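> Numbered by mature numbering (1 follows the signal peptide of the UniProt record, and there is no 0), the letters in the sequence shown go through residues -19 to -1, 1 to 583 in order.
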Amino acid sequence: MSYWGWMFLWLVIGERSKGFNISGCSTKRFLWTYSAKAEDEFVLLCDLPGPKQSHVPERLPCSGIKDLSDVQWYLQPQNEDTLREITKNYSHILLNKTTLRFLTAEMNNAGSYICRPRARSPSDEACCVRMDLAVEPRTDTCVHPVPRTQFLTLGTTDSIYCPSLGCHSDAQSAEVTWYRNGQLVSEKGSNPMQLDEIYDFHEGTYICDHTRSDNTSAWTVRAVVQVRTIVKNTTLQPDILRPDKDTLEAELGKPLTIHCKARFGFEKDFKPVIRWYSKDSDQKLEILTAEGRSVQDTVENKDIECVLHLKEVTRSDLHKTFICFAQNSIGNTTRSIHLKEKKGVLFLYVLLGTVATLVGMLAAGAALFTYRTEIALLCRACRRSKDEALGGGKEFDAFISYAKWGSFESETASPVSEEDLALNLFPEVLENKYGYTLCLLERDVSPGGVYTEDIVRILKKSRRGIFILSPSYVNGPSVFELQAAVNLALQDRTLKLILVQFRSFQEPESLPHLVMKALRALPTVTWRGLRSVPPSSRFWAQIRYHMPVKTRKDSRGTISKLPREHSYWKDSVKQKPLGGAPSPGNEHRSPELPCSSGELTW
């Protein structure tokens, strides 16, 4: 073990077993004279001689210790050799680092009090102060004793008197050592201590020491005085801050709390009065309440509050006048308050319930409007609506129309072309997933016939017409298909038309008037690019909403059972380029699709 470790162990064991040797400590003798009629207090200061207090060339015992603010206190009672460390506060002694404060005068307080730094080395063992304290009652009589609490008015010139010299004729000539809040103020001052102008920092705990000698010994007589800085006494009556209204709403049968808060100006002999009264007709009665408590205290003012608690508000309380009363030495102030029955509570509940209901209805309406398509499809599936695909002399559920000429112009603007949508996505979703029968001109009609007659014939055999609109469509010859469908729909109520806005366009002036009206009146579903590709998107839900009701199950299974070449939204979009005109070999024909069994020939 190192040298310092052995030294530390020796110090700890030695102190715990037998304390330490106090013969090398500097010794001071204090006398505490107290009056049996007054509550005196006493303070011991650990006044260790530090480096700055050295006036001689010899090295002081504490000159090598840097921290003299953290000390240990010990007590050696009278006629005892035991040395006990003071480690905590007691009922009559308060321990505060370098200060011991005695709250009450007791004879058993007498003894030797030793203090020394907590952090020290073995060479600083003699750095300690031993204070022998004697306690005795005061025997002399004094007509006008000096108070232990003294008040100094801010901004004036005043003095602080030492209580232990107040009744001595030689008080003015005695040399007094003054301390303020544990710090030395004057080593050889006079009594009283003169102050040129009083400031806030003059407030605190003052200690005055003077020497008393007899034939055998000399004692330092110490007294403690509490100094408070004050302002001049107020010339105003109290100011009532609360209640600040003349009426207060109260609910019958419920408890009620009313606050009476008043601001009192400073008075040296402060005796405030604050209470509640109730007045009914001509009878005025005091209401017993808890004693007022201070809620805010400054040099100039003090706010005191008195609280009135009503366990239950009755109708008789509505006819009473409650009076807040505050009084000081200048006069009194009152403030009256009346209780008013709190109405409209039921109305408030009804109003809140109505508002909550309206908000709920609006939220539900917004949700229904936003998801109306999905809700309609769900209701259609739950109630098993009549299958529109049965009867009616129709062979196809829908005819798909798109711009077959000039569609290559849009391929660079969108990853999915009109042709991809018409020839790949519509069959993939509507035919393979939901079992609809579609007719595509390139796929299901053999070439060689009259184009206009074939279009009319196909539309007559279809329940729906789906038209993919784009600038190429409305400005090209394909718009004839929409015009023919509008004319037929006016005659055949079973034919309904669905517009798909693939790309925004401006209506050309050459567009037939009937088609223009149809563009504004017919239901339109907007294509939103790649977001509309998956079968679960809102685009396909809206298309299905306008398609015929179909309750028959698809015998060919779901999309997960399709061969790889039919999973268009998984592979075809990623393996762009999409679109392009159909190949000369008619690769888009699919003899397995439902519409292929109903092909038209010229």
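For each residue, glycine too, the CB sits at the ideal point set by N, CA and C. Computed from a prediction, not measured in an experiment: that's the story for all the values here.
#1: Quick check: what's the CA-CA separation for Gly341 versus Leu422?
#2: Roughly how many whole angstroms lie between the Cα atoms of Val52 and Gln59?
#3: Mapping DSSP to helix, strand and coil, what is Phe520?
#4: In chain order, what residues of the same chain have a beta carbon less than 6 Å from the beta carbon of Glu230, not counting five sequence neighbours either side?
#5: Short of 8 Å in beta carbon distance, which residues of its chain neighbour Leu176, apart from the five on each side in sequence? Order them along the chain.
#6: Sort out for me which residues DSSP pairs Arg223 with in a bridge.
#7: Report buried or exposed for Arg509, applying the criterion of at least 16 other Cβ atoms within 10 angstroms of its Cβ.
#8: If we ignore side chains and look at the alpha-carbon of each, how far apart do Leu329 and Glu293 end up?
#9: Taking the beta strand (DSSP E) that Thr138 falls in, what are its first and last residues?
#10: If you draw a straight line from the alpha carbon of Arg444 to that of Val467, how long is it in whole angstroms?
#11: Give me the DSSP bridge partner(s) of Lys477.
#12: Where do the ends of the alpha helix (DSSP H) carrying Ala466 lie?
#13: Counting pairs of Cβ atoms below 8 Å between the segment 378 to 385 and the segment 451 to 461, do you hit three or more?
#14: Take every Cβ of the segment 240 to 248, pair it with every Cβ of the segment 280 to 288, and state whether three or more of those distances are shorter than 8 Å.
#15: So, with DSSP's three-state summary, where would you put Ala199?
#16: Among His300, Glu22, His290, Glu267, which one has its Cα closest to the Cα of Gln207?
#17: Please determine if the segment 331 to 346 and the segment 303 to 318 are in contact, where contact requires at least 3 C-beta pairs separated by less than 8 Å.
#18: What are the boundary residues of the beta strand (DSSP E) that includes His319?
#19: Helix or strand or just coil, what does DSSP make of Phe1?
#20: How is the beta strand (DSSP E) around Arg111 delimited, first residue to last?
#21: Quick one: Cα of Ala115 to Cα of Asp220, how far?
#22: Among the candidates Phe83, Arg256, Tyr160, whose CA atom is the shortest distance from the CA of Cys305?
#23: Can you tell me the Cα-Cα spacing of Phe1 and Leu64, whole angstroms?
#24: Could you give the C-beta distance for Leu26 and Tyr160, rounded to a whole number, given that I count them as a contact under 8 Å?
#25: Could you tell me the distance, in whole angstroms, from the CA atom of Pro173 to the CA atom of Leu266?
#26: Going by alpha carbons, who is nearest to Thr130 out of Asp250, Phe486, Ala403?
#27: Using the three-state DSSP reduction, which class does Ser50 fall into: helix, strand or coil?
#28: Take Ile436 and list the residues in its own chain whose beta-carbon comes closer than 6 Å to its own, dropping the five residues that flank it on each side.
#29: Roughly how many angstroms lie between the CA atoms of Ile356 and Cys363, to the nearest whole one?
#30: Could you tell me whether the Cβ atoms of Ile67 and Trp54 are closer together than 8 Å?
#31: Taking just the CA atoms, how far does Gly136 sit from Asp105?
#32: Let me know if Ala502 comes out buried or exposed under the rule of 16 or more other beta-carbons within 10 Å of its beta-carbon.
#33: Between which two residues does the alpha helix (DSSP H) harbouring Ser453 extend?
#34: Exposed or buried, which one is Asn405 when buried takes at least 16 other CB atoms within 10 Å?
Looking at the coordinates:
#1: Looking up residue 341 in the sequence shown gives position 360. Looking up residue 422 in the sequence shown gives position 441. Cα to Cα, the separation comes out at about 50 Å.
#2: As a position in the sequence shown, residue 52 is number 71, starting the count at 1. As a position in the sequence shown, residue 59 is number 78, starting the count at 1. The alpha-carbon separation between Val52 and Gln59 amounts to approximately 22 Å.
#3: Residue 520 sits at position 539 when you count from the first residue of the sequence shown. If DSSP states are grouped into helix, strand and coil, Phe520 belongs with the helices.
#4: Indexing the sequence shown from 1 puts residue 230 at position 249. Taken in chain order, the residues that qualify are Lys321, Lys323.
#5: As a position in the sequence shown, residue 176 is number 195, starting the count at 1. If we look at Leu176 and ignore the five residues flanking it on each side, its Cβ neighbours are Leu133, Thr138, Asp139, Ser140, Ile141, His183.
#6: For the purposes of this step, residue 223 is taken as residue 242 along the sequence shown, with counting starting at 1. Lys242.
#7: As a first step, residue 509 is located in the sequence shown; it is residue number 528 there, counting from the start. Label assigned to Arg509: exposed.
#8: Locating residue 329 in the sequence shown gives position 348, where the first residue counts as 1. Locating residue 293 in the sequence shown gives position 312, where the first residue counts as 1. Taking the straight line from one Cα to the other gives about 22 Å.
#9: Locating residue 138 in the sequence shown gives position 157, where the first residue counts as 1. Segment: none, Thr138 is in no beta strand (DSSP E) and carries neither H nor E.
#10: Sequence index remark: in the sequence shown, residue 444 carries index 463 (1-based). Sequence index remark: in the sequence shown, residue 467 carries index 486 (1-based). C-alpha separation (whole angstroms): 13 Å.
#11: Against the sequence shown, residue 477 aligns to sequence position 496. As computed with DSSP, Lys477 is found in a beta bridge with Arg445.
#12: Sequence index remark: in the sequence shown, residue 466 carries index 485 (1-based). Its alpha helix (DSSP H) spans residues 460 to 472.
#13: yes
#14: yes
#15: Taking the sequence shown and counting its residues from 1, the one referred to as residue 199 is at position 218. Residue state, collapsed to three classes: strand.
#16: As a working mapping, residue 207 is identified with position 226 in the sequence shown. For the residues His300, Glu22, His290, Glu267, the minimum Cα distance to Gln207 belongs to Glu22.
#17: no
#18: The residue you call residue 319 lines up with position 338 of the sequence shown. Start and end: 313 to 322.
#19: Translated into the one-based positions of the sequence shown, residue 1 becomes position 20. DSSP places Phe1 in coil when its eight states are reduced to three.
#20: The residue labelled residue 111 in the question sits at position 130 within the sequence shown. In this chain, the beta strand (DSSP E) harbouring Arg111 covers 110 to 118.
#21: One-based indexing of the sequence shown puts residue 115 at position 134. One-based indexing of the sequence shown puts residue 220 at position 239. Their Cα atoms are separated by approximately 51 Å.
#22: By one-based count along the sequence shown, residue 305 stands at place 324. The shortest C-alpha to C-alpha distance from Cys305 to any of Phe83, Arg256, Tyr160 is the one to Arg256.
#23: Here residue 1 refers to the residue found at position 20 of the sequence shown. Here residue 64 refers to the residue found at position 83 of the sequence shown. Approximately 8 Å, taken between the alpha carbons.
#24: For this step, residue 26 is matched to residue 45 along the sequence shown. For this step, residue 160 is matched to residue 179 along the sequence shown. At roughly 7 Å, the Cβ-Cβ gap stays under 8 Å, so Leu26 and Tyr160 are in contact.
#25: By 1-based counting over the sequence shown, the position of residue 173 is 192. By 1-based counting over the sequence shown, the position of residue 266 is 285. When rounded, the distance between both Cα atoms is 52 Å.
#26: Taking the first residue of the sequence shown as position 1, residue 130 is located at position 149. It is Asp250.
#27: Indexing the sequence shown from 1 puts residue 50 at position 69. Here Ser50 sits in coil by DSSP.
#28: Counted from its first residue, the sequence shown places residue 436 at position 455. Correct list, in chain order: Glu462, Ala465.
#29: One-based indexing of the sequence shown puts residue 356 at position 375. One-based indexing of the sequence shown puts residue 363 at position 382. Here the alpha carbons of Cys363 and Ile356 stand approximately 10 Å from one another.
#30: For the purposes of this step, residue 67 is identified with residue 86 of the sequence shown, where counting begins at 1. For the purposes of this step, residue 54 is identified with residue 73 of the sequence shown, where counting begins at 1. For Ile67 and Trp54, yes; Cβs fall inside 8 Å.
#31: In the sequence shown, residue 105 corresponds to position 124, counting from 1. In the sequence shown, residue 136 corresponds to position 155, counting from 1. Going from the Cα of Asp105 to the Cα of Gly136 covers about 47 Å.
#32: Numbered from its first residue, the sequence shown carries residue 502 at position 521. Result: exposed.
#33: Locating residue 453 in the sequence shown gives position 472, counting from the first residue. Looking at the DSSP string, the run of the alpha helix (DSSP H) that includes Ser453 is 452 to 455.
#34: As a working note, residue 405 is residue 424 in the sequence shown. Classification of Asn405: buried, given that the 10 Å Cβ count is 16 or more.
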